[in-house]
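Protein chains in written order, with my numbering: chain Z, 1 to 145; chain R, 1 to 169.
Glycine is no exception: its CB is placed at the ideal position from the N, C-alpha and C atoms.
Just so we're clear, the structure is a prediction, and the values are computed from it rather than from any experiment.
Heads up, the thing below is written out as structure tokens.
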């Protein structure tokens, strides 16, 4: 990847290209391994049910956050930067959920010489339910530089 | 904002004492290329992660001049724990008040990013109880506590600042 997105080419209302993952223990166990996040509610259905999730074990919020990063990075490319992400974990990531990161550009502005794009973002499941609403700011190249 | 502990507040004396005070610093082990590669594989699974995270030849040709870590990479995973660091302040409203048990939830987080992490970096983290506010919500009298975590690299450059919101009611 190089320069995927230039500041001048982005407009308010533009959509973030969707980025999806079907998640289960294959994703969760790998994430637990790198983040040292071995918590029974993410590993064991019985523990998940004891935590009042009838379907059993459920996914990590941190991994959902990583998917937001991935979606932004896939859009802007390697030469640009994710500057800020804010979100709230509103719903559980159930086993075999298909999570899709979605976003809409809400602002474009130059801050301290940096060309920034702000988006409303969310991670929705296969039912279209929002699980992680928030915002993101990315810094991208300009064609005038 | 209320800073006086009283009958109508969930703010503790400990919180007032520790407000704005940075806790003990933690220092990460040096970040390795393998750490970054494995992290990227995990968060992109089952697809191949972008080469900026694992292919030095490719990364050398980018503006970064080498491999960088994803912004969400955690260099503090897998610590050798000899003593658990003390928090900058007890979680807001943890435990009980004199009259009832408190319930809580994660109110979300905002992370801002500075320079990227690279192989060889040593990251220093510190945190503090930054602020709080109390207001009436549909949950009743509710305390929103804002905790700040800051990471800097060995050159003192800001890597990340996270402000987390804890909700107690």
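Less than 7 Å separating the Cβ of residue i from some heavy atom of the ligand NAP?
i	result
residue 80/Z	Questions concerning the ligand NAP fall outside what the structure shown contains, since it holds no ligand whatsoever.
Please confirm whether residue i and residue j have their CB atoms less than 8 Å apart.
i	j	result
residue 140/Z	residue 123/Z	no
residue 64/Z	residue 138/Z	no
residue 10/R	residue 149/R	no
residue 157/R	residue 31/R	no
residue 191/Z	residue 16/Z	As displayed, chain Z neither begins before 1 nor continues past 145, which places residue 191/Z out of reach and without an answer.
residue 33/Z	residue 125/R	no
residue 131/Z	residue 93/Z	yes
residue 11/Z	residue 111/Z	no
residue 136/R	residue 144/R	no
residue 141/R	residue 169/R	yes
residue 203/Z	residue 48/Z	Here chain Z covers residues 1 to 145 and nothing more, so residue 203/Z does not appear.
residue 23/R	residue 153/R	no
Verify the CB distance criterion: does residue i have a CB-CB separation below 8 Å to chain R?
i	result
residue 16/Z	no
residue 138/Z	no
residue 92/Z	no
residue 129/Z	no
residue 66/Z	yes
residue 124/Z	no
residue 26/Z	yes
residue 6/Z	no
residue 167/Z	Outside the shown range of chain Z, which is 1 to 145, sits residue 167/Z, and nothing can be said about it.
residue 169/Z	Since the first residue of chain Z shown is 1 and the last is 145, residue 169/Z is not available in this structure.
residue 89/Z	yes
residue 35/Z	yes
residue 119/Z	no
residue 81/Z	yes
residue 96/Z	no
residue 69/Z	yes
residue 30/Z	yes
residue 63/Z	yes
residue 78/Z	yes
residue 55/Z	no
Relative to the C-alpha of residue i, which candidate in the options has its C-alpha closest?
i	options	result
residue 89/Z	108/R, 152/R, 34/R, 104/R	108/R
residue 13/R	153/R, 166/R, 160/R, 129/R	129/R
residue 78/Z	58/R, 45/R, 124/R, 21/R	58/R
residue 151/R	82/R, 33/R, 111/R	111/R
residue 85/Z	39/Z, 62/Z, 91/Z	62/Z
residue 121/Z	143/Z, 97/Z, 87/Z, 107/Z	87/Z
residue 99/Z	24/Z, 43/Z, 113/Z	24/Z
residue 129/Z	135/Z, 110/Z, 91/Z, 47/Z	91/Z
residue 58/Z	81/Z, 31/Z, 73/Z	31/Z
residue 35/R	74/R, 137/R, 116/R	74/R
residue 29/Z	81/R, 24/R, 143/R, 38/R	38/R
residue 163/R	69/R, 131/R, 23/R	131/R
residue 118/R	69/R, 161/R, 21/R	69/R
residue 103/Z	115/Z, 114/Z, 14/Z, 7/Z	14/Z
residue 33/R	51/R, 21/R, 16/R	51/R
residue 115/R	81/R, 80/R, 71/R	71/R
residue 81/R	26/R, 63/R, 47/R	26/R
Taking residue i and residue j to be in contact with their CB atoms under 8 Å, please state how far apart those CB atoms are, rounded to whole angstroms.
i	j	result
residue 54/R	residue 67/R	7 Å
residue 147/R	residue 76/R	No, residue 147/R and residue 76/R are not in contact; Cβ-Cβ is about 16 Å, not under 8 Å.
residue 22/Z	residue 125/Z	Actually they do not touch by this definition, with Cβ atoms about 11 Å apart.
residue 76/Z	residue 4/Z	6 Å
residue 166/R	residue 104/R	6 Å
residue 19/Z	residue 80/Z	About 16 Å separates the two Cβ atoms, so there is no contact after all.
residue 27/Z	residue 45/R	5 Å
residue 60/Z	residue 46/Z	So it is not a contact: roughly 18 Å between Cβ atoms.
Check whether the Cβ of residue i lies closer than 8 Å to any Cβ atom in chain Z.
i	result
residue 132/R	no
residue 146/R	no
residue 159/R	no
residue 70/R	yes
residue 50/R	yes
residue 111/R	yes
residue 39/R	yes
residue 106/R	yes
residue 81/R	no
residue 44/R	yes
residue 77/R	yes
residue 142/R	no
residue 117/R	no
residue 62/R	yes
- Length at least 3, wholly inside the stretch 27-83 of chain R: the beta strand (DSSP E) runs in chain order: For the stretch 27-83 of chain R, not a single whole beta strand (DSSP E) run of length 3 or above is found.
- Which whole runs of the beta strand (DSSP E) in the stretch 88-155 of chain R are 3 residues long or more, in chain order? With a minimum length of 3 residues, the continuous beta strand (DSSP E) runs that stay inside the stretch 88-155 of chain R are 104-113, 124-137, 140-152.
- Message: I'd like the ranges of any alpha helix (DSSP H) spanning at least 4 consecutive residues and lying wholly in the stretch 4-69 of chain Z.
- Response: Along the length of the stretch 4-69 of chain Z, whole alpha helix (DSSP H) runs at least 4 residues long occupy 25-35, 45-50, reported in chain order.
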